[in-house]
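Colleague: The opening position of the sequence shown corresponds to residue 6 in the numbering used here, with each subsequent residue numbered one higher.
Idealized CB from N, CA, C, for every residue including glycine.
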Amino acid sequence: SSSAEHATVRGIVTLVDPALYVQDSTGAIEVMTSAPAESVRVGDEVEAQGDLSVSNLAPALSHASLRILWPNSHVVPIVVTPFELASGRSQGRLVETEGVFLAEFTAPDDELFLRMENDSQEFYAVVSQDNAGSLPKHFEPGSRLRLRGIVSSNSAFTRNLVPFAILLPSAAGVQLIHITGTLDWEQ
C-alpha cells in the first residue's frame, strides 16, 4: 500500500453531522479532521488540507485541518432519481430526490434511519441525533417524501443492505409531499 497523497481542497460545507462533506463544482469529498470542527457550519466556504484517499468508492481527506474562508455560501442540489443514485456517480454530492416512506428505526448511536423506496429501489435517509428531534414525530408508511441531503455508500449508513443513503443536514431536508390515504390525482 502506497503512502497517502497530501491535498488541499476548497469548497462549501454541505454536511457537518454525522460526517463532514465539502463540495465544489467538480465534486464532493468527505473530510475527516483530527480535531472536532465545532465552529464549522453548513454553507461555510472552507479550505481543507489532509491526506487524500478513497474510502467506500469515494474520495476522502483524512487527518485534515480546516480553515473557514467565509460563511453563508450556497450549493444548489442536483435533482436525481434513486435509480440514478444507486449507480454511485453522485457520491458525496448534495442531491434532491423523492421516495415512499416504508419504516423507521433508530441506530445504536441514536441516528434515525428512514427506510425509503422509489421504483423498487430501496435506500435509507439518515438523520443525526441532534436533528431527529425536529422531525415530525412519525410519518405514515406510504407517505411520499422529498429529501435533500448528501449521498453516501458508506456501510455505516447503508448497513450493507441498500446501495446508498441520503444523509440529511437538518430536519429541513425532509419535506412531506403526499400522505397515504389522501386523494392522489396523478394515479
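In three-state DSSP terms, what is serine 67?
Modeller: Sequence index remark: in the sequence shown, residue 67 carries index 62 (1-based). In the structure shown, serine 67 sits in a strand (DSSP, three-state: E or B).
Colleague: Alpha carbon to alpha carbon, what distance is there between alanine 24 and phenylalanine 162?
Modeller: Stepping through the sequence shown from its first residue, residue 162 is reached at position 157. Stepping through the sequence shown from its first residue, residue 24 is reached at position 19. Distance between the alpha carbons of phenylalanine 162 and alanine 24: 10 Å.
Colleague: With a threshold of 8 Å on Cβ separation, who are the neighbours of asparagine 123 within its own chain once the five nearest residues in sequence on each side are excluded?
Modeller: As a working mapping, residue 123 is identified with position 118 in the sequence shown. Within the same chain, asparagine 123 has close Cβ partners Thr86, Pro87, Phe88, Thr102, Glu103, Gly104 and Val105.
Colleague: In whole angstroms, what is the alpha-carbon distance linking arginine 46 and leucine 117?
Modeller: Here residue 46 corresponds to residue number 41 of the sequence shown, with the count starting at 1. Here residue 117 corresponds to residue number 112 of the sequence shown, with the count starting at 1. The alpha-carbon atoms of arginine 46 and leucine 117 are separated by roughly 21 Å.
Colleague: Please work out which residues of its chain come closer than 7 Å, Cβ to Cβ, to valine 167, disregarding the five sequence neighbours upstream and downstream, and give them in chain order.
Modeller: By one-based count along the sequence shown, residue 167 stands at place 162. Taken in chain order, the residues that qualify are Glu127, Phe128 and Tyr129.
Colleague: Pull up the distance between the alpha-carbon of serine 148 and that of glutamine 54, whole angstroms please.
Modeller: As a first step, residue 148 is located in the sequence shown; it is residue number 143 there, counting from the start. As a first step, residue 54 is located in the sequence shown; it is residue number 49 there, counting from the start. When rounded, the distance between both Cα atoms is 42 Å.
Colleague: Please go through the same chain and pick out, in chain order, the residues whose beta-carbon is closer than 7 Å to the beta-carbon of glycine 93, but skip the five residues on each side of it.
Modeller: What you label residue 93 is simply residue 88 of the sequence shown in a count that begins at 1. If we look at glycine 93 and ignore the five residues flanking it on each side, its Cβ neighbours are Leu62 and Ser158.
Colleague: Output the distance between the C-alpha atoms of histidine 11 and serine 60, rounded to the nearest integer angstrom.
Modeller: If you number the sequence shown from 1, residue 11 lands on position 6. If you number the sequence shown from 1, residue 60 lands on position 55. The alpha-carbon atoms of histidine 11 and serine 60 are separated by roughly 15 Å.
Colleague: According to the Cβ coordinates, are leucine 152 and methionine 121 closer than 9 Å?
Modeller: Against the sequence shown, residue 152 aligns to sequence position 147. Against the sequence shown, residue 121 aligns to sequence position 116. It is a contact, given that the beta carbons lie within the stated cut-off.
Colleague: Looking only at C-alpha atoms, which of Phe169, Met37 and Gly138 sits nearest to serine 58?
Modeller: Residue numbering aside, residue 58 sits at position 53 when the sequence shown is read from its first letter. Ranking the options by Cα distance to serine 58, first place goes to Met37.
Colleague: Based on the DSSP secondary-structure assignment, which residues constitute the bridge partners of glycine 55?
Modeller: Against the sequence shown, residue 55 aligns to sequence position 50. Secondary-structure assignment with DSSP links glycine 55 through a beta bridge to Ala12.
Colleague: For arginine 98 versus alanine 33, is the C-beta distance shorter than 9 Å?
Modeller: Working through the sequence shown from its first residue, we reach residue 98 at position 93. Working through the sequence shown from its first residue, we reach residue 33 at position 28. Yes, they are a contact pair.
Colleague: Mapping DSSP to helix, strand and coil, what is aspartate 29?
Modeller: The residue labelled residue 29 in the question sits at position 24 within the sequence shown. Three-state DSSP puts aspartate 29 in a strand.
Colleague: Closer than 6 Å by C-beta to arginine 15: which residues in its own chain qualify, once you throw out the five before and the five after it? Chain order, please.
Modeller: Here residue 15 refers to the residue found at position 10 when the sequence shown is read from its first residue. Closer than 6 Å at Cβ, skipping near neighbours: Glu52.
Colleague: Tell whether a beta-carbon distance below 9 Å holds between aspartate 135 and aspartate 49.
Modeller: Along the sequence shown, one-based indexing puts residue 135 at 130. Along the sequence shown, one-based indexing puts residue 49 at 44. In this structure, aspartate 49 does not lie closer than 9 Å to aspartate 135 by Cβ.
Colleague: Can you have a look at phenylalanine 110 and say buried or exposed, based on whether 16 or more other CB atoms are within 10 angstroms of its CB?
Modeller: As a working note, residue 110 is residue 105 in the sequence shown. Its Cβ having fewer than 16 others within 10 Å, phenylalanine 110 is exposed.
Colleague: For leucine 119 and valine 179, what's the separation of their Cα atoms in angstroms?
Modeller: Residue numbering aside, residue 119 sits at position 114 when the sequence shown is read from its first letter. Residue numbering aside, residue 179 sits at position 174 when the sequence shown is read from its first letter. Whole-angstrom Cα-Cα distance: 10 Å.
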